[in-house]
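J.:
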Amino acid sequence: MIHVRHLSHTFGSYWALKDCTFSLEKGDFLFLSGPSGAGKSTLLRLLYGALPVQRGEASVADMPLHTLKHRQLPALRRKVGVVFQDFKILPIRTVNENIALPLEVRGLAPQQVVRRVRAVARALGLENHLETPCGALSGGEQQRVAIARAFVMNPQVLLADEPTGNLDTHLSFRLMELFKQFQAYGATVIFATHSKELMKRHPQAKILWLEDGAVRDANWPGARILKAPRHREREHGITLPPPDTEGGRL
Amino acid sequence: MMRTMMRLVRQGFADMGLYPWVQVCTLAAVTLMVFLSGLFLITLVTLNHELGAVKGETAFQVYWRAGSEMALVEEQWGRLKNLPWFTGLKTFTPQQALEELGTRLHGKKASSEKLFPFLTGKNPLPATALVSFAPNEEDTERWLKETGEYLQNLPGVERVLATPLRDELGQAWRKAGRYVMWPTLAFLGLLLGLVVGNTVRLSLFARAHEIEILQLVGAPNWYVRLPLLVNGATVGLLGGCLALVLLRFTFLQVHSLLQFPPLFMEIRFLPLELCLALVALPTLTGMAASYLAVRGDPSRTM
Ligand SMILES: Nc1ncnc2c1ncn2[C@@H]1O[C@H](COP(=O)(O)OP(=O)(O)O)[C@@H](O)[C@H]1O
Ligand SMILES: [Mg+2]
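Read top to bottom, the protein sequences are chains A and B.
Counting the first sequence from 1 gives a position; this note's numbering is that position plus 16.
Counting the second sequence from 1 gives a position; this note's numbering is that position plus 71.
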């Protein structure tokens with residue numbers, strides 16, 4: 017369902033992703049983990065075509081991304097549901113309108129749109145906010161709108177970039193169950209998170225550990241692990257440069 | 072498909088309410104631009120008409136000898152009207168000329184006996200006539216010469232002055248007009264298109280985020296474009312119509328403003344084709360700008 021081979025990505029001279037190789041089958045659930053800045057978002061953005069493939073190969077839902085034409089992007093995105101780290105919801109439109117967007121793009125009949133939006137909104141506890149403009153919602157509620165919009169179209173592939181980052185532990189555990197349900201319906205899920213707690217809620221899931229843009233660890237044989245070069249020192253924590261005391265305190 | 076398109080068109084209208092100030096500013100800018108273009112065009116059209124309408128109009132100033140028998144002169148005036156291509160005659164008897172002179176000098180009307188008592192019975196001014204023709208001859212030069220000679224040979228005529236000045240300007244304009252008119256119109260159209268198009272494009276920046284999101288959830292380009300096209304077309308159409316209304320209003324206020332000597336110009340309103348162009352051009356450029364706004368893919372960044 018998702019195949020990634022020797023995928024690398026560079027921003028200018030900075031390599032955000034280095035030689036990633038792994039495969040997921042239909043119905044797999046993958047935790048994409050690693051410290052902040054490891055390249056999780058970069059990998060996901062490559063997978064939904066927001067970044068062009070520069071080096072290596074990748075395919076999602078039987079669509080090869082490295083040869084994907086510009087005009088094929090809409091087709092890819094209709095197969096892939098994405099929960100964006102920065103939500104990407106329209107603040108001036110209502111919850112209802114935001115969630116309905118992927119369905120309307122597909123030209124679904126209005127009654128069907130209403131039915132599915134209601135069902136998803138209820139599952140995410142948004143049924144009382146359907147007519148509220150998203151700009152008026154709290155961060156956690158906006159995040160749930162973003163999740164609902166990815167769920168509503170029942171995609172074959174679901175990519176979620178830290179979808180519970182703004183939610184309290186209790187709620188994120190509940191949402192975890194929804195993601196698992198989604199997997200049970202046959203979808204392939206990639207869930208980027210750095211929360212060990214959350215990963216414990218789904219012990220059967222695959223885990224890919226990214227660091228400095230490279231795969232440093234994985235718990236299944238479908239991923240190729242790159243060992244960190246020995247000479248590289250690991251940085252621990254963040255330290256401030258010592259204060260300049262020569263002229264005394266300001 | 073049809074239903075989706077209808078919905079998108081409806082949404083295009085509804086969405087304009089989402090960013091009212093952007094729309095109002097865009098509309099104002101488009102209206103201003105079309106209005107200014109219209110004013111320029113009105114000037115051009117009026118000039119064109121003035122210079123083109125006096126086709127070959129030539130006036131002859133005819134002076135009779137002072138002291139000529141008035142009955143004879145008046146009989147000749149009557150005959151001038153039967154000349155070919157005759158369009159108008161303005162005559163002054165010596166008496167009238169003197170009174171006119173008096174009025175000019177004193178600023179009020181009075182009889183010449185009162186003004187110039189010493190001139191009674193020995194008016195030194197000649198009888199004059201301004202005869203206008205609008206000849207439509209193959210050889211204008213020859214006609215000019217013949218008519219001048221005919222007038223010169225009338226009994227009692229001392230001097231004939233031909234004043235083809237307006238005509239020369241008119242002829243120059245008719246020759247050069249094509250080369251001036253069309254490039255000017257083309258340039259104005261280009262300018263109008265650029266300004267309107269850019270204004271509409273800028274107004275769509277407010278919706279760049281929305282365009283990105285639509286593309287991210289898999290909307291094909293036509294789906295993203297349709298509401299924006301409706302938006303761009305509406306702003307262009309409304310701006311054009313509003314500007315035309317303003318132009319018409321301005322025209323009604325000033326159209327007789329220049330009707331005084333020596334200009335005697337009647338300001339003309341734009342012909343229907345130009346009115347239509349002033350509405351169609353902003354509408355089309357508004358649509359084109361909206362179309363191009365979705366050409367790139369903002370969802371696909373570096
Ligand atoms: N558009 C960009 N331009 C330059 N650098 C970028 C860009 N996007 C991400 N990066 C860099 O790439 C690295 C990986 O980023 P990201 O994939 O967002 O990390 P994560 O999601 O794992 O926190 C970071 O160091 C980030 O600063
Ligand atoms: Mg990230």
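Even for Gly, the Cβ is constructed at its ideal location relative to N, Cα and C.
Do the region 71–78 of chain A and the region 116–127 of chain A make contact, defined as three or more Cβ pairs closer than 8 Å?
T.: No, the region 71–78 of chain A is not in contact with the region 116–127 of chain A.
J.: Can you tell me which of A:R160, A:Q172, A:I223 puts its alpha carbon nearest to the alpha carbon of A:G181?
T.: Here residue 181 of chain A refers to the residue found at position 165 of the first sequence. Of the listed residues, the one whose Cα sits closest to A:G181 is A:R160.
J.: Kindly indicate which three-state DSSP category B:W92 falls into: helix, strand or coil?
T.: Within the second sequence, numbered from 1, the residue matching residue 92 of chain B stands at position 21. Three-state DSSP puts B:W92 in a helix.
J.: How would you write the range of the beta strand (DSSP E) that B:K375 sits in, first residue to last?
T.: This structure cannot settle anything about residue 375 of chain B, because the visible part of chain B is limited to 72 through 373.
J.: Taking the alpha helix (DSSP H) that A:H186 falls in, what are its first and last residues?
T.: The count along the first sequence starts at 1 and reaches residue 186 of chain A at position 170. Per DSSP, A:H186 belongs to the alpha helix (DSSP H) from 185–200.
J.: Under the three-state reduction of DSSP, which class applies to A:K243: helix, strand or coil?
T.: Within the first sequence, the letter at position 227 stands for residue 243 of chain A. Residue state, collapsed to three classes: coil.
J.: Among B:L79, B:F84, B:L98, which one has its Cα closest to the Cα of B:V267?
T.: Position 196 of the second sequence, counted from the start, is the residue given in the question as residue 267 of chain B. Selected option, being the one with the closest Cα: B:L98.
J.: Hey, would you say B:A205 sits closer than 8 Å to B:W135, going by beta carbons?
T.: Within the second sequence, numbered from 1, the residue matching residue 205 of chain B stands at position 134. Within the second sequence, numbered from 1, the residue matching residue 135 of chain B stands at position 64. No, Cβ-Cβ distance for B:A205 and B:W135 is not below 8 Å.
J.: Quick check: A:M192 and A:F47, are their CB atoms within less than 8 Å of each other?
T.: Residue numbering aside, residue 192 of chain A sits at position 176 when the first sequence is read from its first letter. Residue numbering aside, residue 47 of chain A sits at position 31 when the first sequence is read from its first letter. No, the pair does not count as a contact, with Cβ atoms beyond the cut-off.
J.: For A:I163, report the span of its alpha helix (DSSP H) as first-last.
T.: As a first step, residue 163 of chain A must be located in the first sequence, where it is residue number 147. 155–167 is the extent of the alpha helix (DSSP H) around A:I163.
J.: Just to confirm the assignment, what range does the beta strand (DSSP E) spanning A:R21 have?
T.: Residue mapping note: residue 21 of chain A aligns to position 5 of the first sequence, counting from 1. From DSSP, the beta strand (DSSP E) with A:R21 extends over 18–27.
J.: For B:V17 and B:K185, I'd like the C-alpha separation in whole angstroms.
T.: Since the first residue shown for chain B is 72 and the last is 373, residue 17 of chain B is missing from the structure and cannot be characterised.
J.: In whole angstroms, give me the CA-to-CA distance for B:L160 and B:W148.
T.: Looking up residue 160 of chain B in the second sequence gives position 89. Looking up residue 148 of chain B in the second sequence gives position 77. So the alpha carbons of these two residues sit roughly 8 Å apart.
J.: Just to be sure I understand the criterion: a residue counts if its Cβ is closer than 5 Å to at least one heavy atom of ligand 1. Which residues meet that?
T.: Spelled out in chain order, the answer is A:F27, A:A32, A:S52, A:G53, A:A54, A:G55, A:K56, A:S57, A:T58.
J.: Going along chain E in order, which residues have a C-beta closer than 7 Å to the C-beta of B:G289?
T.: Note that chain E does not occur in the displayed structure, where the protein chains are A and B.
J.: Can you list, in chain order, the residues of its chain whose CB lies under 8 Å from that of A:G141, leaving out five sequence neighbours each side?
T.: Within the first sequence, residue 141 of chain A is the residue found at index 125, counting from 1. So the list reads R160, once near-sequence residues are dropped.
J.: According to DSSP, simplified to helix, strand and coil, what is A:K212?
T.: In the first sequence, residue 212 of chain A corresponds to position 196, counting from 1. The answer is helix: DSSP assigns A:K212 an H, G or I state.
J.: What separation, rounded to the nearest whole angstrom, lies between the Cα atoms of A:K243 and A:C36?
T.: The count along the first sequence starts at 1 and reaches residue 243 of chain A at position 227. The count along the first sequence starts at 1 and reaches residue 36 of chain A at position 20. If you take the alpha carbons of A:K243 and A:C36, they lie about 12 Å apart.
J.: Checking contacts by CB at 8 Å: is A:L33 closer than that to chain B?
T.: The sequence position of residue 33 of chain A within the first sequence is 17, counting from 1. Chain B, which has no Cβ nearer than 8 Å to the Cβ of A:L33, makes this no.
J.: Does any residue of chain B bring its CB to less than 8 Å from the CB of A:K104?
T.: Numbered from its first residue, the first sequence carries residue 104 of chain A at position 88. Interface residue, yes.
J.: Leaving out five residues on either side along the sequence, give the residues of the same chain with a beta carbon under 7 Å from the beta carbon of B:T270.
T.: On the second sequence, residue 270 of chain B is found 199 positions in, with the first residue counted as 1. Correct list, in chain order: T97, A100, V101.
J.: Could you give the first and the last residue of the continuous beta strand (DSSP E) run that contains B:R230?
T.: Counted from its first residue, the second sequence places residue 230 of chain B at position 159. Unbroken beta strand (DSSP E) run through B:R230: 228–234.
J.: Smallest Cα separation from B:R230: which of B:F131, B:T117, B:Q94, B:G109?
T.: As a position in the second sequence, residue 230 of chain B is number 159, starting the count at 1. Checking every option, the nearest Cα to that of B:R230 belongs to B:F131.
J.: Determine which residues share a DSSP beta bridge with A:I223 and list them.
T.: Within the first sequence, residue 223 of chain A is the residue found at index 207, counting from 1. The partner list for A:I223 (beta bridge, DSSP) reads A:F47.
J.: Please report the Cβ distance between A:F195 and A:F207, rounded to the nearest whole angstrom; I am assuming they are in contact, meaning their Cβ atoms lie under 8 Å.
T.: Position 179 of the first sequence, counted from the start, is the residue given in the question as residue 195 of chain A. Position 191 of the first sequence, counted from the start, is the residue given in the question as residue 207 of chain A. About 6 Å separates the two Cβ atoms, so the contact holds.
J.: Touch check for the region 278–290 of chain B and the region 104–123 of chain B: three-plus C-beta pairs under 8 Å?
T.: The region 278–290 of chain B vs the region 104–123 of chain B: no contact.
J.: Could you tell me which residues DSSP pairs with A:L174 in its beta bridges?
T.: Within the first sequence, residue 174 of chain A is the residue found at index 158, counting from 1. Beta-bridge pairing links A:L174 to A:G97, A:V205.
J.: Using a beta-carbon distance cut-off of less than 8 Å, what residues from the region 281–307 of chain B approach chain A?
T.: Answer in chain order: E281, E283, I284, L285, Q286, L287, V288, G289, A290, P291, N292, Y294.
J.: Measuring only from the beta carbon, is A:Q172 closer than 7 Å to any heavy atom that is part of ligand 2?
T.: For the purposes of this step, residue 172 of chain A is taken as the residue at position 156 of the first sequence. Not under cutoff, so the answer is no.
J.: Between B:M72 and chain A, is any beta-carbon pair separated by less than 8 Å?
T.: Counting from 1 along the second sequence, the entry for residue 72 of chain B is found at position 1. With 8 Å as the cut-off, B:M72 counts as an interface residue toward chain A.
J.: Taking 8 Å as the threshold (beta carbon to beta carbon), is B:V365 in contact with chain A?
T.: Along the second sequence, one-based indexing puts residue 365 of chain B at 294. Chain A, which has no Cβ nearer than 8 Å to the Cβ of B:V365, makes this no.
J.: Cβ of A:E178 versus every heavy atom of ligand 2: is any distance shorter than 7 Å?
T.: For this step, residue 178 of chain A is matched to residue 162 along the first sequence. Yes, the beta carbon of A:E178 sits closer than 7 Å to at least one heavy atom of ligand 2.
J.: With 16 other CB atoms within 10 Å as the buried threshold, where does A:A239 fall?
T.: As a first step, residue 239 of chain A must be located in the first sequence, where it is residue number 223. Burial call: buried.
J.: Given B:M373, which residues of its chain have a CB within under 7 Å of its CB, disregarding the five upstream and five downstream residues?
T.: Residue numbering aside, residue 373 of chain B sits at position 302 when the second sequence is read from its first letter. Bear in mind that a pLDDT of 38 at B:M373, under 50, signals an unreliable position, so the model cannot answer this.
J.: What residues in its chain sit with their C-beta under 6 Å from that of A:G202, if we drop five residues either side in the sequence?
T.: As a first step, residue 202 of chain A must be located in the first sequence, where it is residue number 186. Same-chain partners within the cutoff: G43.
J.: Give, in chain order, every residue of the region 167–179 of chain A whose Cβ lies closer than 7 Å to some Cβ of chain B.
T.: The region 167–179 of chain A vs chain B, Cβ under 7 Å: nothing.
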